[in-house]
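First up is the structure itself, then whatever we jot down about it.
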Amino acid sequence: MISMLLSDAAKTVGSSLTGKDTFFSGCSTDSRTIEKGNLFIALKGEYFDGHEYISVAEKNGASSLILDHDVSNTKPFIKVKDTREAMGLLAKSWREKITIPLVAITGSNGKTTVKEMVASILSVVSKVHATSGNLNNEIGVPKTLFGLNEEHNYAVVEMGANHLGEIEWLSKISSPNVAVITQCAPAHLEGFKNIESVAKAKAEIYSGLQSSGVAVINADDEYADFWKNSSKRTKQLTFGKSKNSDIRAENIKFSKDKLFINFRIVTLDDSIEIKLPLPGQHNVMNALAAAACCLSLDISMQAIKKGLENMRPIKGRLEIRSGKKNVRIIDDTYNANPTSLDAAIKTLSDMKGSRFIVLGDMGELGQDAVRFHEDVGVIAKQNNIDGLFTIGDLSMNATKSFGKGAFHFSNYDELGESLTRILNKDTNILVKGSRAMKMEKIVEMLTEKN
């Protein structure tokens, strides 16, 4: 078990210790789930203040505290100006104690899927510690790093951001051996303002890359050259469908039911057949990204094949589900931006039977939000989608551009009732929208038993 002296922790965060110096065996920000011997970090947010739960944390086993003001307690504590920054600095120190290969993953789309793919491949050969769910921000990444221990031989860390500088910080505290950007697309534009800033933010993942590390780059992305320049101090490995990629895909074929993809991964000196149990052509690119990361760590092609073929659908990400009257539901409700929606529509269009989209608003698209939603209706028509059902103020624009066969609703119940009228065994329904829209409510309506 990894442990650290409180006095060393105090030096790490640029402060001093008040109380008895002792070891702590982990860090926690949740007073409810803290384990005995952990250091409790009192974080502050817009709607919470961890300092209010110090007594609960102590009762549940906290051995010490990090806080931003003095409190009456019996436990040793370290006072800092910013507990969130202190958490990151401690996580960096924790990572330095565990010198295993670490893969860092970011991108506008596909980062969680690639994270799961890399973890699946690496788990074929050894013990892996990976980001849980999508804990990929300035709180989630330190939590992931604190989960490292001696039994792990690899780490896989997902990194996300909604403003410049965030991924740079996460990369530097994680010190990755391999770093990959899946792709750049319009996402979080309210924070980034434009797509160029998104590309720049993603490039920050290479800033903390170890000098002996590998920058994995999507050769098909329009910002590939920019990312190559951003990572020129390290070795580079490219992936894509283009012939000049170091790792590419050939002979891409879908299974008859469109739920599997068969293709060949080709490198400069090897190749192997893959049967990927996930729908959507975009998952070929995700698989190539994962393969490139693992090849950077000298993982064999056979292990890559086994890991990819062991993959299972990820909840809320093109997850195929059976609904009422045996309707096929494509649950892509976790989140949405224009590029991920475009990929989902193309996946839907490949399926036999009638095809419908249930769309909620896509958030954080800035001043071009209306245009992006109008484009959805046009793209859906071009892909021979039979009908569009929308909810949310912005999605109304998709209804208008789609035209006949599109319907807008003001509440979930009315939308759900209307959908039930079109259900049969030959119906395919894609459900998608940004996290704030809670589109899983529609999936629940379509799958619940009478």
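Going by numbering that gives the first Met the number 0, 436 is the number at position 437 of the sequence shown; the sequence numbering is gapless.
Cβ coordinates follow ideal geometry from the N, Cα and C atoms, glycine included.
Beta carbon of residue i nearer than 9 Å to that of residue j
i	j	result
Ile1	Ile97	yes
Lys110	Glu157	yes
Asn243	Val213	no
Val124	Ala178	no
Leu169	Asn193	no
Asp498	Gly315	Coverage of the chain is limited to positions 0 through 449, which leaves residue 498 absent and any answer about it impossible.
Ser230	Leu208	yes
Leu89	Leu38	yes
Ile271	Met300	yes
Lys440	Lys324	no
Leu387	Phe406	yes
Val442	Ile328	yes
Nearest residue (CA-CA) to residue i, options the options
i	options	result
Val113	Leu169, His151, Thr181 and Leu66	Thr181
Thr82	Ser14, Phe408 and Asp349	Ser14
Val283	Asn309, Lys252 and Ile313	Lys252
Gly139	Gly415, Ala405 and Ser27	Ser27
Ala218	Val124, Ala184, Asp330 and Leu236	Leu236
Val265	Lys304, Ser254, Asp256 and Leu317	Lys304
Ala343	Gly49, Gln280 and Gly365	Gln280
Ile428	Lys345, Ala248, Ala9 and Val197	Lys345
Ile77	Ile40, Ala56 and Arg94	Ile40
Ile246	Ser211, Ile260, Asp269 and Ser321	Asp269
Tyr333	Gly432, Glu189, Ser394 and Arg94	Gly432
Gly36	Phe23, His50 and Trp226	Phe23
Ala435	Asn382, Gly322 and Gly362	Gly362
Val430	Met395, Lys380 and Arg354	Arg354
Ile104	Cys292, Tyr52 and Glu95	Cys292
Leu296	Val102, Ala85 and Gly60	Val102
Rounded Cβ spacing between residue i and residue j (contact assumed at less than 8 Å)
i	j	result
Pro75	Lys19	5 Å
Leu418	Val357	7 Å
Ile384	Leu414	With a Cβ gap of about 17 Å, Ile384 and Leu414 do not count as contacting.
Thr446	Gly352	At roughly 18 Å, the Cβ-Cβ gap does not stay under 8 Å, so Thr446 and Gly352 are not in contact.
Val79	Val12	5 Å
Asn250	Phe238	About 16 Å; that fails the 8 Å criterion.
Buried versus exposed call for residue i [16 or more other C-beta atoms within 10 Å across all chains shown]
i	result
Ser339	buried
Asn336	buried
Leu147	buried
Lys403	exposed
Ser173	buried
Asn410	exposed
Ala397	buried
Lys58	exposed
Leu16	buried
Asp7	exposed
Tyr46	exposed
His68	exposed
Ala154	buried
Arg31	exposed
His162	exposed
Arg232	exposed
Leu294	buried
Leu364	buried
Gly44	exposed
Leu267	exposed
Thr73	exposed
Ser394	buried
Gly164	exposed
Gly132	exposed
Beta-carbon contacts of residue i that lie in its chain and below 8 Å, excluding the five residues immediately before and after
i	result
Leu307	Met116, Ser119, Ile120, Ile273, Leu275, Ala286, Ala289 and Ala290
Thr21	Leu4, Leu5, Ser62, Ser63 and Pro75
Asp392	Asp360
Leu134	Val140, Lys142, Thr143 and Glu157
Lys171	Lys91, Ser206 and Gly207
Cys183	Gly106, Ser107, Ile194, Val197, Ala198, Lys201, Asp220, Glu221 and Tyr222
Ser210	Arg232 and Thr233
Asn449	Unreliable placement is indicated for Asn449, whose pLDDT of 46 sits below 50; the coordinate value is still reported in the next sentence. Only Lys323 meet the Cβ criterion.
Ser321	Arg327, Ile328 and Thr446
Other residues of its chain near residue i: CB distance less than 6 Å, five sequence neighbours each side excluded
i	result
Ala160	Ile166 and Ala200
Asp367	none
Phe191	Val197
Gly49	Ala41 and Leu42
Other residues of its chain near residue i: CB distance less than 7 Å, five sequence neighbours each side excluded
i	result
Arg370	none
Ser400	Glu373, Gly376 and Val377
Pro278	Lys257, Leu258, Leu317, Ile319 and Thr346
Phe225	Ala198 and Ala202
Phe145	Gly25, Cys26, Ala90 and Trp93
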